[in-house]
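To start, the structure itself, in C-alpha cells.
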Amino acid sequence: MNKSVTVAVLQGDVTPDLSAMLAQTERMAAEARARGATLMVLPETWLPGYPAWLDVCRDAGLWNHPPVKAAFTRMAEASVTVPGAVADALAGIARTAEAVLVAGVIERVEAGPGSGTLYNSLLTFGPDGGLLNHHRKLVPTYTERMVWGPGDAAGLRAVDTPAGGVGGLVCWEHWMPLARQAM
Numbered sequence: 166m167n168k169s170v171t172v173a174v175l176q177g178d179v180t181p182d183l184s185a186m187l188a189q190t191e192r193m194a195a196e197a198r199a200r201g202a203t204l205m206v207l208p209e210t211w212l213p214g215y216p217a218w219l220d221v222c223r224d225a226g227l228w229n230h231p232p233v234k235a236a237f238t239r240m241a242e243a244s245v246t247v248p249g250a251v252a253d254a255l256a257g258i259a260r261t262a263e264a265v266l267v268a269g270v271i272e273r274v275e276a277g278p279g280s281g282t283l284y285n286s287l288l289t290f291g292p293d294g295g296l297l298n299h300h301r302k303l304v305p306t307y308t309e310r311m312v313w314g315p316g317d318a319a320g321l322r323a324v325d326t327p328a329g330g331v332g333g334l335v336c337w338e339h340w341m342p343l344a345r346q347a348m
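In case it helps, our numbering puts the sequence shown at residues 166 to 348.
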C-alpha cells in the first residue's frame, strides 16, 4: 500500500507561561491541519521548556543553592502530570486537529512509584485524543541527570496510527543502537 502522509514539525517561541504555550500549540496545530497535516510533532520538552540554565549557570550543580532551587521549583511546578490537565489539553488539541500529536514534555510524577521524579517524556496522542504511547528518556544526558530520572523503557516502541507506525526517541537516544533496534 502506497500512502502519503503530511507531517508538520511544530516549533514556536518558548515562554514560562504554560497557558500561553498551550494556546500557541493549539494555533500551530490548527494551522498545520489546515495545510493537511495528519501527523504533528513538537520538540523535546516543549512543555514547559528545556532547562537551559543547567548548561549556562555555573552554579547549577551546587547543593542547596537558593537560585538553583528556585529555578528547579519553577520547572517542577510547571511540569506535566500524566494523566493531568495539561496532558488532557494536549489530547484535546490532537482530537480537534484530528491528527496524531507527538509532544515532548517534562513530566512530573505526583503519586506512586517514582513520586516527585521528573522525566524527559514523549507523549503520542491519536486523532481521537487517546494516549497511544508514553515514553520516558532512558538516560538523561550530562547535566540533565541533575533534574531528570532515568526512564524505564516501557514506552520504547512504535504504535499503529492512521498516519502509519509512529515511535520516537529523545535526543541522545538516537545514538543508542539497542533503543533504535527496539523501535
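We put the CB at the ideal spot given by N, CA and C, even for glycine.
Helix, strand or coil: which one does DSSP assign to residue i?
i, result
"Ser184", "helix"
"Gly295", "coil"
"Asp253", "helix"
"His339", "helix"
"Val221", "helix"
"Met205", "strand"
"Arg260", "helix"
"Arg200", "coil"
"Tyr307", "helix"
"Val172", "strand"
"Glu242", "helix"
"Arg322", "coil"
Contact check, residue i vs residue j under 8 Å by CB: the rounded distance?
i, j, result
"Pro213", "Ile258", "That belief does not hold up - the Cβ atoms of Pro213 and Ile258 are roughly 16 Å apart, past 8 Å."
"Val247", "His299", "6 Å"
"Leu287", "Ala243", "Leu287 to Ala243, Cβ: 18 Å. No contact."
"Glu309", "Leu219", "7 Å"
"Thr289", "Leu297", "5 Å"
"Val245", "Arg223", "Rounded, the Cβ-Cβ distance is 29 Å, inconsistent with contact."
"Gly294", "Ala254", "Their Cβ separation, rounded to whole angstroms, is 10 Å, which puts Gly294 and Ala254 out of contact at 8 Å."
"Thr203", "Pro327", "7 Å"
When the distance is taken between beta carbons, is residue j closer than 9 Å to residue i?
i, j, result
"Val335", "Val265", "no"
"Pro292", "Lys302", "no"
"Thr180", "Leu207", "no"
"Asn285", "Glu209", "yes"
"Ala323", "Met348", "yes"
"Ala262", "Arg198", "yes"
"Ala225", "Val233", "yes"
"Gly281", "Lys168", "no"
"Val304", "Phe237", "no"
For residue i, is the classification buried or exposed, using 16 other Cβ atoms within 10 angstroms of its Cβ as the cut-off for buried?
i, result
"Met158", "The question about residue 158 has no answer here: the residues shown for the chain are numbered 166 through 348."
"Met353", "The requested residue 353 does not occur in the structure, where the chain is confined to residues 166 to 348."
"Met193", "buried"
"Pro216", "buried"
"Gly201", "exposed"
"Gly333", "buried"
"Leu227", "exposed"
"Ala188", "exposed"
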